[in-house]
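2 protein chains.
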Amino acid sequence: MLDLAILGLLQEREFHGYEIRKRLRDDLGLFANISFGSLYPALARLEAAGAVVSSELPGPGRRSAEPVPATGSLGGELAAFRSRRDGTPRGTKRARKVYRITDLGRKQFEELLASDEPAGTDDARSFGLRLAFARHLAPPARLGLLERRRAQLAGRLAADRARVEAGSAFDSYTRSLVEHSTETTEHDISWLDRLIESERLEQQQQQQTGPVVRPDDTRPRRRDGEDHTVKGTVP
Amino acid sequence: MLDLAILGLLQEREFHGYEIRKRLRDDLGLFANISFGSLYPALARLEAAGAVVSSELPGPGRRSAEPVPATGSLGGELAAFRSRRDGTPRGTKRARKVYRITDLGRKQFEELLASDEPAGTDDARSFGLRLAFARHLAPPARLGLLERRRAQLAGRLAADRARVEAGSAFDSYTRSLVEHSTETTEHDISWLDRLIESERLEQQQQQQTGPVVRPDDTRPRRRDGEDHTVKGTVP
DNA sequence: AGGATGATATATCAACTCGATATATCGACG
DNA sequence: CGTCGATATATCGAGTTGATATATCATCCT
Numbered sequence: 001m002l003d004l005a006i007l008g009l010l011q012e013r014e015f016h017g018y019e020i021r022k023r024l025r026d027d028l029g030l031f032a033n034i035s036f037g038s039l040y041p042a043l044a045r046l047e048a049a050g051a052v053v054s055s056e057l058p059g060p061g062r063r064s065a066e067p068v069p070a071t072g073s074l075g076g077e078l079a080a081f082r083s084r085r086d087g088t089p090r091g092t093k094r095a096r097k098v099y100r101i102t103d104l105g106r107k108q109f110e111e112l113l114a115s116d117e118p119a120g121t122d123d124a125r126s127f128g129l130r131l132a133f134a135r136h137l138a139p140p141a142r143l144g145l146l147e148r149r150r151a152q153l154a155g156r157l158a159a160d161r162a163r164v165e166a167g168s169a170f171d172s173y174t175r176s177l178v179e180h181s182t183e184t185t186e187h188d189i190s191w192l193d194r195l196i197e198s199e200r201l202e203q204q205q206q207q208q209t210g211p212v213v214r215p216d217d218t219r220p221r222r223r224d225g226e227d228h229t230v231k232g233t234v235p
Numbered sequence: 001m002l003d004l005a006i007l008g009l010l011q012e013r014e015f016h017g018y019e020i021r022k023r024l025r026d027d028l029g030l031f032a033n034i035s036f037g038s039l040y041p042a043l044a045r046l047e048a049a050g051a052v053v054s055s056e057l058p059g060p061g062r063r064s065a066e067p068v069p070a071t072g073s074l075g076g077e078l079a080a081f082r083s084r085r086d087g088t089p090r091g092t093k094r095a096r097k098v099y100r101i102t103d104l105g106r107k108q109f110e111e112l113l114a115s116d117e118p119a120g121t122d123d124a125r126s127f128g129l130r131l132a133f134a135r136h137l138a139p140p141a142r143l144g145l146l147e148r149r150r151a152q153l154a155g156r157l158a159a160d161r162a163r164v165e166a167g168s169a170f171d172s173y174t175r176s177l178v179e180h181s182t183e184t185t186e187h188d189i190s191w192l193d194r195l196i197e198s199e200r201l202e203q204q205q206q207q208q209t210g211p212v213v214r215p216d217d218t219r220p221r222r223r224d225g226e227d228h229t230v231k232g233t234v235p
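Protein chains in written order, with the numbering used here: chain A, 1 to 235; chain B, 1 to 235.
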């Protein structure tokens, strides 16, 4: 799961670990707080598998000028020694390891994105993650993703409603919880329906006006000018 | 987290492992699918800690003469043994281990329920679980639970909105995802507000009409006839 | 009758995630 | 001038997950 997120981010450009965490937390909101205890092992994993390569950056700060801060003698002897050795203008922070995706990594990303990895699981995060990277999917696979999720939610809604029906055994708190869950699922489904509809529309137009898209073409396509909008809050 | 769920269920009556899983999956819907790899270790943990005790039942199914005397005590065991002796066709399943909560377990349950265990985490499940057991909380603690959750969600909403604002860098899929997340958070907050309001109202009435409730009284109270309703969908 | 499937029931394992903690550097604030 | 908070990497224990193994019984299919 994390692998997919990391590879997806690295698709865009190079990142170092701390940055990846920030992006996942601040931009997407999924993975509210990824722990470093997951992130760094995941990066090591991916590097061992040849999906990414890392390179050490000693510390290229924004401040290009080097005021040569006289070696803070009290600090760690080892660190002082190392920084003196490599002669870099240690202007900034600590040394970072930046990770870059490889061709193999790109291939693995496509596979992860297409399959429903945490199989069968009704996991909102795994869907959200895939949707955030949906631009890297071929249009048919995109529709498939949306429809699989819709089916999942439909199943959940059925279960929710069954609970509401048989809910006479619940106290008012539990009842309210179950009812709220039902409403949320309904809201999710109507959102998905809008997504699916606009996706269908766009794909039809694409077929009529644009060139024919090979059904097995999974390479990312950049159509930056366009905007197959989905917005529009429910009235 | 699981410990709380298990102890809460066992509050009601005895259960065996498989049954606990079913209840958590079917009734509440939280913990969509608890794995046995979590459940059985958790039960072993709780038993080692003295929070529960287990007893082996060779296998009294529903098809036995006496439909499981819900005495919750040794009576069930004995009856099962007798029914096997007197030629009943051993009608039942595999031997089960039923778990019963102890006084110590009840104490641990109160503590777990009151504290916000997975501390600081914006975890919907841990809140849902506590709400499902809210009847075991003293009224002030109940309000505290709701208000802590409200504060969490308010923070989340702020983050969501910040993402929507700065969202020009997103493609339409990600944008739609973030917008939907915002709407969901808003919905959650308005639900919580209704819960809080009705809880406040009820507690005021309780103070005026009913007997004085000792603030440290955390024992479960059963007021089965009443209904401090929260229902009422948003117009 | 027999055979496959699926529900009931307990248990274990590798892989993964999380929260806490340790280490180190740097800017800012009082 | 020391402490706080942000940047940055790394590791550890504990807990969760999904898969798998074992076993018994019921039910459906042939």
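Here a beta-carbon is modelled for each residue, glycine too, at the ideal position from N, C-alpha and C.
Item to complete: Closer than 8 angstroms by beta-carbon distance: list the chain B residues that pair up with A:T102, in chain order.
Response: Within 8 angstroms Cβ-Cβ: nothing; A:T102 doesn't reach chain B, min ~24 angstroms.
Worksheet item: What are the partner residues of B:K22, as DSSP defines its beta bridges?
Response: For B:K22, which the question treats as bridged, DSSP gives no partner whatsoever.
Item to complete: Drop a sphere of 10 angstroms on the beta-carbon of A:F36, count the other beta-carbons inside from all chains shown, and report buried for 16 or more, exposed for fewer.
Response: A:F36 counts as exposed, since fewer than 16 other beta carbons sit within 10 angstroms of its beta carbon.
Discussion item. For B:G72, would you say it is in contact with chain A, using Cβ-to-Cβ distances shorter than 9 angstroms as the test?
Written reply: For B:G72, the predicted model reports a pLDDT of 39, less than 50, meaning its position is unreliable and no value from the coordinates is stated.
Worksheet item: Taking 9 angstroms as the CB-CB limit, is B:L131 close to chain A?
Response: Cβ-Cβ to chain A under 9 angstroms: yes for B:L131.
Fill in: Closer than 9 angstroms at the beta carbon, the chain B residues around A:T174
Within chain B, the residues near A:T174 are D27, L28, L131, A132, F133, A134 and R135.
Worksheet entry | Members of the segment 145-170 of chain B that neighbour chain A once the beta carbon cut-off is set at 7 angstroms | Cβ contacts with chain A come from A159, D160 and R163.
Discussion item. Just to check my reading of the structure: A:L157 and A:I189 have Cβ atoms closer than 8 angstroms, yes? What is that Cβ distance to the nearest angstrom?
Written reply: Rounded to the nearest angstrom, the Cβ distance from A:L157 to A:I189 is 7 angstroms, consistent with a contact under 8 angstroms.
Discussion item. Judging by CA-CA distance, which residue of B:A159, B:A51 and B:T209 is the nearest neighbour of B:R106?
Written reply: The shortest Cα separation from B:R106 among B:A159, B:A51 and B:T209 belongs to B:A51.
Worksheet entry | is_contact[B:S38, chain A] using C-beta, thresh 9 angstroms | Chain A, which has no Cβ nearer than 9 angstroms to the Cβ of B:S38, makes this no.
Worksheet item: Who are the near neighbours of B:L153 in its chain, counting only those whose CB is closer than 7 angstroms to its CB and skipping five residues on each side?
Response: Excluding sequence positions up to five before and after B:L153, its CB lies within less than 7 angstroms of the CB of T185, D188, I189 and L192, all in the same chain and listed in chain order.
Item to complete: Consider the Cβ of A:L195: report whether some Cβ of chain B lies at a distance smaller than 9 angstroms.
Response: Interface annotation, A:L195: in contact with chain B, CB-CB separation under 9 angstroms.
Worksheet item: Residues in its own chain within less than 6 angstroms of A:P60 by CB, not counting five upstream and five downstream?
Response: Confidence in A:P60 is poor, its pLDDT being 44 and thus under 50, which makes the residue's placement unreliable; the coordinate value appears in the next sentence. In the same chain as A:P60, and ignoring 5 residues on each side of it, no C-beta atom comes closer than 6 angstroms to its own.
Discussion item. Counting only C-beta atoms, is A:L57 closer than 9 angstroms to chain B at any point?
Written reply: No, A:L57 does not count as interfacial toward chain B.
Worksheet item: chain A partners of B:S115, CB-CB under 9 angstroms?
Response: Ordered by position in chain A, no residue passes the 9 angstroms Cβ test against B:S115, which lies about 18 angstroms from the chain.
Discussion item. Using C-beta distances below 6 angstroms, list every residue in its chain close to A:G72, excluding the 5 sequence neighbours before and after it, in chain order.
Written reply: Confidence at A:G72 is low in this model, with a pLDDT of 37, below 50, so the placement of that residue is unreliable and no value is reported for it.
Worksheet entry | Cut-off 7 angstroms between Cβ atoms - residues of its own chain near A:D122, not counting five sequence neighbours on either side | Same-chain partners within the cutoff: Q152 and R156.
Worksheet item: Where DSSP assigns a beta bridge to A:R96, which residues make up the other side?
Response: According to DSSP, A:R96 bridges with A:L57.
Worksheet item: Under 9 angstroms between C-beta atoms, does A:S54 make it to chain B?
Response: Output row for A:S54: interface = no.
Discussion item. If we define contact as Cβ-Cβ less than 9 angstroms, is A:G50 a contact residue for chain B?
Written reply: Output row for A:G50: interface = no.
Worksheet item: Since A:A32 meets chain B, which of its residues come closer than 7 angstroms, beta carbon to beta carbon?
Response: Simply D122.
Worksheet item: From the beta carbon of B:Q11, is the nearest beta carbon of chain A less than 9 angstroms away?
Response: It does not: the Cβ of B:Q11 has no partner Cβ on chain A nearer than 9 angstroms.
Practice prompt. Mind checking which residues open and close the alpha helix (DSSP H) that includes B:E47?
Written response: Run containing B:E47: F36 to A48, per the alpha helix (DSSP H) assignment.
Fill in: Boundaries of the alpha helix (DSSP H) in which B:D123 is found, first to last residue
Run containing B:D123: none; DSSP gives neither H nor E here.
Discussion item. Counting only beta-carbon separations shorter than 9 angstroms, does B:E19 have a partner in chain A?
Written reply: Chain A contact via Cβ: absent.
Practice prompt. Please say whether A:G29 and B:A159 have beta carbons closer to each other than 9 angstroms?
Written response: The Cβ-Cβ distance between B:A159 and A:G29 falls below 9 angstroms.
Worksheet entry | Buried versus exposed call for A:A49 [16 or more other C-beta atoms within 10 Å across all chains shown] | By the beta-carbon neighbour count (other beta carbons within 10 angstroms, threshold 16), A:A49 is exposed.
Discussion item. Just verifying my parser: in three-state terms, what is the DSSP assignment at B:F109?
Written reply: Three-state DSSP puts B:F109 in a helix.
Worksheet item: Going along the chain, which residues of the segment 176-187 of chain A sit with their C-beta nearer than 8 angstroms to a C-beta in chain B?
Response: The residues in question are S176, L177, V178, E179, H180, S181, E183, T184 and H187.
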